[in-house]
Amino acid sequence: MNDPFEEKLRALRPAAMPAGLQERLARPPEPAARRPDRRILWITFATAAAACVTAALFLHSSPSPATTGGTPQLVAERSQRVTSVRPLSVVTDESKRAWRLVEVQWVEEDTLVAADQPSAVQLQDHYRTVVPVAIHFD
Amino acid sequence: MASDPSTERWRLWIQERGDAFLLYARQRTRSEEDARDVVQEALAESWNRSAGEVPDAALVYATIRRRAIDHGRSTDRRSRRDAVHVAESEAWFEPDFSEADTHLAVADALRQLPDPLREAVTLRLWGGLRFPEIAEITGVSVPTATSRYRLAIDRLRGTLSPLFA
Numbered sequence: 001m002n003d004p005f006e007e008k009l010r011a012l013r014p015a016a017m018p019a020g021l022q023e024r025l026a027r028p029p030e031p032a033a034r035r036p037d038r039r040i041l042w043i044t045f046a047t048a049a050a051a052c053v054t055a056a057l058f059l060h061s062s063p064s065p066a067t068t069g070g071t072p073q074l075v076a077e078r079s080q081r082v083t084s085v086r087p088l089s090v091v092t093d094e095s096k097r098a099w100r101l102v103e104v105q106w107v108e109e110d111t112l113v114a115a116d117q118p119s120a121v122q123l124q125d126h127y128r129t130v131v132p133v134a135i136h137f138d
Numbered sequence: 001m002a003s004d005p006s007t008e009r010w011r012l013w014i015q016e017r018g019d020a021f022l023l024y025a026r027q028r029t030r031s032e033e034d035a036r037d038v039v040q041e042a043l044a045e046s047w048n049r050s051a052g053e054v055p056d057a058a059l060v061y062a063t064i065r066r067r068a069i070d071h072g073r074s075t076d077r078r079s080r081r082d083a084v085h086v087a088e089s090e091a092w093f094e095p096d097f098s099e100a101d102t103h104l105a106v107a108d109a110l111r112q113l114p115d116p117l118r119e120a121v122t123l124r125l126w127g128g129l130r131f132p133e134i135a136e137i138t139g140v141s142v143p144t145a146t147s148r149y150r151l152a153i154d155r156l157r158g159t160l161s162p163l164f165a
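Printed below as a string of structure tokens:
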């Protein structure tokens, strides 16, 4: 920047801070207390709730291979598979950390096979939850 | 009185940059009180985000800009009866003791500029930022930031040349 006009402008000093502000800035600020962001709390709660519901459903609907008198013997086979992963949005918490909200859908399948008959029944339970995934910028 | 290294770094940083930060905040807010609050909040935020190290100046200016916008929105929602535009109440530059009161003439000429031009020239001349930094802070391309600065200088030259002759 060799333009004399610009140099003359730059030579002007910005007005000094008033005493009151200088006093307020006399010491470095205390580190900000790390409060969890409300959105993160909500997401955490929702995820935990979804996990609880899933666990409850699992325990409740676990097929029983047990037999009782007069009923066919059933062999159960359980499988899980993810059916959809869909990014929803990106949010930031108070510390400006970015999180991607991802909707995950999955299905749990219980296949009941009669031990002595060539028949089977398949039950499906569909689940959906939203999971926060931290985004790292390297 | 001995002070810890962190306090000393902070003090030197404020001493070196604080006046220019406040100048920028004064140009981005409606009142002197808002400008001071914005500077204090922005400095604290930038310092904390830098883990107690001296933050990059561009980060501070960007934070001042964002917080000034937030203050402006909250002011819009409140009664403005107490709002006094800082441009009419606070000096932007130290007196230069010239006969022509150059510091006042420059401040007046800056006030006449459109906001984007004034912002570019302030960040460049008194903020000491490079054009890529100015472009990032103001959300425009580097050529746009550069042309804004050049246009601002041309306009100021037209107004102030007689003083600097």
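Protein chains in written order, with this note's numbering: chain A, 1 to 138; chain B, 1 to 165. Positions of the beta carbon are idealized from the N, C-alpha and C atoms, including for glycine.
In the DSSP assignment, H103/B falls within the unbroken alpha helix (DSSP H) covering 102-112. For T29/B, no alpha helix (DSSP H) run applies, since DSSP gives it neither H nor E.
Around the CB of P55/B, 16 or more other CB atoms lie within 10 Å, so the residue is classed as buried. Taking 7 Å as the cut-off between beta carbons, the residues of the stretch 12-26 of chain B near chain A are I14, G18, D19, A20, L22, L23, in sequence order.
The alpha-carbon of A57/B is positioned some 22 Å away from that of D4/B. By the Cβ-count criterion, G158/B is exposed, with fewer than 16 other Cβ atoms from all chains shown falling within 10 Å of its own Cβ. Nearest Cα to A114/A within the set V102/A, L101/A, E77/A, R10/A: E77/A. In the structure shown, F97/B falls within a coil segment according to DSSP collapsed to helix, strand and coil. Closest by C-alpha distance to T92/A, out of V85/A, R100/A, R86/A, is R100/A.
P118/A: not part of any beta strand (DSSP E); DSSP gives it neither H nor E. Contact annotation: in the stretch 39-54 of chain B, residues whose CB is within less than 9 Å of a CB in chain A are V39, Q40, L43, A44, E45, W47, N48, R49, A51, G52. Taking a Cβ-Cβ threshold of 8 Å, the residues of chain B close to E6/A are L125, I153, in chain order. Per DSSP, reduced to three states, the secondary structure at S79/A is strand.
DSSP places V142/B inside the alpha helix (DSSP H), whose first and last residues are 142-164. In this structure, the straight-line span from the alpha carbon of A51/B to that of A26/A is close to 18 Å.
For the pair Q122/A and E108/A, the CB atoms are not nearer than the 8 Å cut-off. Chain B places no beta carbon closer than 8 Å to that of R97/A, leaving this residue out of the contacts. Residue range 98-114 is occupied by the beta strand (DSSP E) that includes V113/A.
Residues of the stretch 7-27 of chain A that bring their beta carbon within less than 9 Å of a beta carbon in chain B comprise K8, L9, R10, A11, L12, R13, P14, A15, A16, M17, P18, G20, L21, Q22, R24, L25, A26, R27, in sequence order. For L74/A, the beta-bridge partners assigned by DSSP are A114/A. Taking a beta-carbon distance threshold of 8 Å, T29/B does not count as an interface residue toward chain A. When secondary structure is reduced to three states using DSSP, P55/B falls in the coil class, being assigned neither helix nor strand. With a cut-off of 8 Å on Cβ pairs, the stretch 146-153 of chain B is in contact with the stretch 116-131 of chain B, counting three or more such pairs. The criterion of a C-beta distance shorter than 8 Å is satisfied by A98/A and V90/A. Counting along the chain, the unbroken alpha helix (DSSP H) around I134/B starts and ends at 131-138. In the DSSP assignment, Y127/A forms a beta bridge with W106/A. Chain-ordered, the chain B residues with CB closer than 8 Å to the CB of P29/A read L43, A44, W47, N48. Shown here, L25/A sits in coil according to DSSP, grouped into three states, outside any helix or strand. Within chain A, F5, K8 have C-beta atoms less than 7 Å from the C-beta of F164/B, given in sequence order.
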